[in-house]
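In this text, residue positions in the sequence shown follow our numbering: the first is 1, and each later residue adds one.
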Amino acid sequence: MSEPLYFDHNATAPPAPGVPEALAAALRDGWGNPSSRHGWGRRAREALERARGEVAASLGATAAQVVFTSGGSEADALAIRGPVAAGAVATLVVGALEHPAVLGTARAVARERGLRLIEVPVDAAGRVTPAALERALEGAERPLVSVMAAHNVTGVLNDLVALGAVAQRAGALFHTDAVQAYGKIPLDFAALPCAMLSVSAHKIGGPPGVGALLAREEVPLAPYCGGGGQERGRRQGTEPLPAAVAFGTAARAVAARLGCARAVARRRDRFEERLARAVDGVRFAGRDADRLPNTSAVLVRGADGAAVVAACDERGLAVSAGSACHGAGGGSAGAILGAAAPGSAGEWGLVRVSAGPDTTDAEIDEAVVRLAEAIGEVRSREDGRWR
Numbered sequence: 001m002s003e004p005l006y007f008d009h010n011a012t013a014p015p016a017p018g019v020p021e022a023l024a025a026a027l028r029d030g031w032g033n034p035s036s037r038h039g040w041g042r043r044a045r046e047a048l049e050r051a052r053g054e055v056a057a058s059l060g061a062t063a064a065q066v067v068f069t070s071g072g073s074e075a076d077a078l079a080i081r082g083p084v085a086a087g088a089v090a091t092l093v094v095g096a097l098e099h100p101a102v103l104g105t106a107r108a109v110a111r112e113r114g115l116r117l118i119e120v121p122v123d124a125a126g127r128v129t130p131a132a133l134e135r136a137l138e139g140a141e142r143p144l145v146s147v148m149a150a151h152n153v154t155g156v157l158n159d160l161v162a163l164g165a166v167a168q169r170a171g172a173l174f175h176t177d178a179v180q181a182y183g184k185i186p187l188d189f190a191a192l193p194c195a196m197l198s199v200s201a202h203k204i205g206g207p208p209g210v211g212a213l214l215a216r217e218e219v220p221l222a223p224y225c226g227g228g229g230q231e232r233g234r235r236q237g238t239e240p241l242p243a244a245v246a247f248g249t250a251a252r253a254v255a256a257r258l259g260c261a262r263a264v265a266r267r268r269d270r271f272e273e274r275l276a277r278a279v280d281g282v283r284f285a286g287r288d289a290d291r292l293p294n295t296s297a298v299l300v301r302g303a304d305g306a307a308v309v310a311a312c313d314e315r316g317l318a319v320s321a322g323s324a325c326h327g328a329g330g331g332s333a334g335a336i337l338g339a340a341a342p343g344s345a346g347e348w349g350l351v352r353v354s355a356g357p358d359t360t361d362a363e364i365d366e367a368v369v370r371l372a373e374a375i376g377e378v379r380s381r382e383d384g385r386w387r
């Protein structure tokens with residue numbers, strides 16, 4: 001088999017330089033409980049707070065605003081459940097194509113608490129528009145709004161500044177799921193008009209199992225499960241110290257990742273142009289919208305996305321058929337296709353191709369060859385759908 005090619009960075013990124021070593025060193029030497037009042041505990045606390053500061057610095061936040069969690073999904077859940085548990089929310093307002101961590105949590109909380117839930121429709125590119133959000137917020141009582149920064153499958157960006165202004169005028173708490181955007185576009189929490197922002201370490205080359213919710217000090221955020229009062233009483237449970245330390249190491253490299261964004265976008269465009277020449281019947285969801293620089297959501301006519309992914313895997317090319325996070329929600333292929341190809345979604349398959357900061361032109365060109373072969377193979381098996 002030819003050299004394997006990894007084009008699934010939106011699912012998880014390879015470890016950033018120094019991350020495995022930082023994780024191993026913290027497991028070996030920094031295993032104290034940060035809440036303990038002895039030497040081991042103090043050293044653990046110092047390491048934890050150093051990591052907190054590193055994560056904060058990568059996002060334009062203060063260390064006090066960083067609440068460590070077990071990952072992006074828990075950060076999203078805390079952003080919704082925390083204000084609800086504090087009695088600050090009566091209406092949940094979420095984008096119709098949100099990640100299942102937001103959409104599924106909002107639906108569950110609305111059922112459990114008897115809250116009003118509004119799912120805001122998106123435009124043809126999959127964006128929540130300020131006008132649509134304004135309509136959704138009319139008459140909403142104590143609303144909490146959650147709209148993602150960038151879609152995890154298409155990479156399409158929402159206008160957080162404009163949406164935040166709408167939310168502020170309505171007196172709403174505004175949360176953004178920035179898990180997919182982190183490390184790919186600049187995020188400055190101090191300047192953004194949002195009260196809360198979620199990120200995950202493994203999207204920037206940190207370890208899985210750790211993330212963070214950035215929350216402004218005035219946000220009513222109650223822990224939604226019992227525990228020992230960690231994270232200033234906002235998130236219960238002993239902090240995952242080794243993972244947090246490795247997260248901090250990855251966060252220090254975010255500036256370098258952002259410095260590659262223009263080159264990454266150029267390679268994305270190269271991929272799309274060459275694939276469109278090599279294969280008939282392909283489109284790219286959100287191509288005319290502002291997108292993450294590394295992401296192509298390839299719509300393939302007459303070929304099932306999962307079958308194309310399997311054929312790519314046989315050729316040593318790692319891609320995905322939508323979000324790697326399974327479940328109903330805006331990350332599902334059906335939801336994306338419904339927005340990108342309304343009325344004809346059944347004719348199209350979806351393949352997400354996501355490059356990394358170190359992806360080369362040669363790898364882009366080889367990925368086009370392998371993906372084109374995979375599409376041809378699947379179409380030959382499904383020629384009844386391809387006309």
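Beta carbons are placed, not taken as given, at the ideal position from N, Cα and C, and that holds for glycine. The structure presented is a predicted model; accordingly, all values stated were derived computationally and were not measured.
Start-to-end residues for the alpha helix (DSSP H) that takes in G104: Residue 104 sits at position 104 when you count from the first residue of the sequence shown. G104 -> alpha helix (DSSP H) spans 100-113.
Give every residue of the same chain whose Cβ lies closer than 6 Å to the Cβ of A328, excluding the five residues on either side of it in the sequence, and list them in chain order. Working through the sequence shown from its first residue, we reach residue 328 at position 328. Bear in mind that a pLDDT of 44 at A328, under 50, signals an unreliable position, so the model cannot answer this.
May I ask you to report which of helix, strand or coil DSSP gives H175? Reading the sequence shown from its first residue, position 175 is the one you call residue 175. Assigned with DSSP and collapsed to three states, H175 falls in strand.
Can you name the residues that DSSP bridges to R37? Locating residue 37 in the sequence shown gives position 37, where the first residue counts as 1. R37 is not bridged to any residue.
L192 vs L157 beta-carbon contact at 8 Å: If you number the sequence shown from 1, residue 192 lands on position 192. If you number the sequence shown from 1, residue 157 lands on position 157. Not closer than 8 Å, so no.
Option nearest A297 by Cα separation, candidates L163, A149, A285: Walking along the sequence shown from the start, residue 297 turns up at place 297. Measuring from the Cα of A297, the nearest candidate turns out to be A285.
Status (buried if at least 16 other CB within 10 Å, exposed otherwise) for G384: Indexing the sequence shown from 1 puts residue 384 at position 384. In this prediction, G384 has a pLDDT of 47, which is less than 50 and means its spatial position is unreliable; nothing more can be read from the coordinates.
Could you check the C-alpha separation between R315 and P4 for me, to the nearest Å? As a working mapping, residue 315 is identified with position 315 in the sequence shown. As a working mapping, residue 4 is identified with position 4 in the sequence shown. The straight-line gap separating the alpha-carbon atoms of R315 and P4 is approximately 8 Å.
Does the structure place the stretch 271-281 close enough to the stretch 113-125 that three or more beta carbon pairs sit under 8 Å? Touching, no.
Would you kindly check if the distance between the Cβ of R301 and the Cβ of W348 is under 8 Å? If you number the sequence shown from 1, residue 348 lands on position 348. If you number the sequence shown from 1, residue 301 lands on position 301. In terms of Cβ geometry, W348 and R301 form a close pair [threshold 8 Å].
Taking just the CA atoms, how far does I80 sit from G139? Counting from 1 along the sequence shown, the entry for residue 139 is found at position 139. Counting from 1 along the sequence shown, the entry for residue 80 is found at position 80. The alpha-carbon atoms of G139 and I80 are separated by roughly 20 Å.
Taking three-plus beta-carbon pairs below 8 Å as touching, is the stretch 166-174 in contact with the stretch 132-146? At 8 Å Cβ cutoff, the stretches touch.
V368 versus D123: straight-line alpha-carbon distance, rounded: On the sequence shown, position 368 is the one that residue 368 refers to. On the sequence shown, position 123 is the one that residue 123 refers to. Answer to the nearest angstrom: the Cα atoms are 29 Å apart.
Using C-beta distances below 7 Å, list every residue in its chain close to S320, excluding the 5 sequence neighbours before and after it, in chain order. As a position in the sequence shown, residue 320 is number 320, starting the count at 1. Result list for S320: D8, A11, V309, R352, in chain order.
DSSP state of G329, grouped into three classes? Walking along the sequence shown from the start, residue 329 turns up at place 329. Interpretation of G329 is limited by its pLDDT of 48, a score under 50 that renders its predicted location unreliable; the figure taken from the coordinates is listed afterwards. For G329, the three-state secondary structure derived from DSSP is coil.
First and last residue of the alpha helix (DSSP H) that includes S2? One-based indexing of the sequence shown puts residue 2 at position 2. Unbroken run through S2: none, as it is neither H nor E.
Strictly by DSSP, which residues pair up with S354? As a first step, residue 354 is located in the sequence shown; it is residue number 354 there, counting from the start. Per the DSSP secondary-structure output, S354 pairs in a beta bridge with D8, T295.
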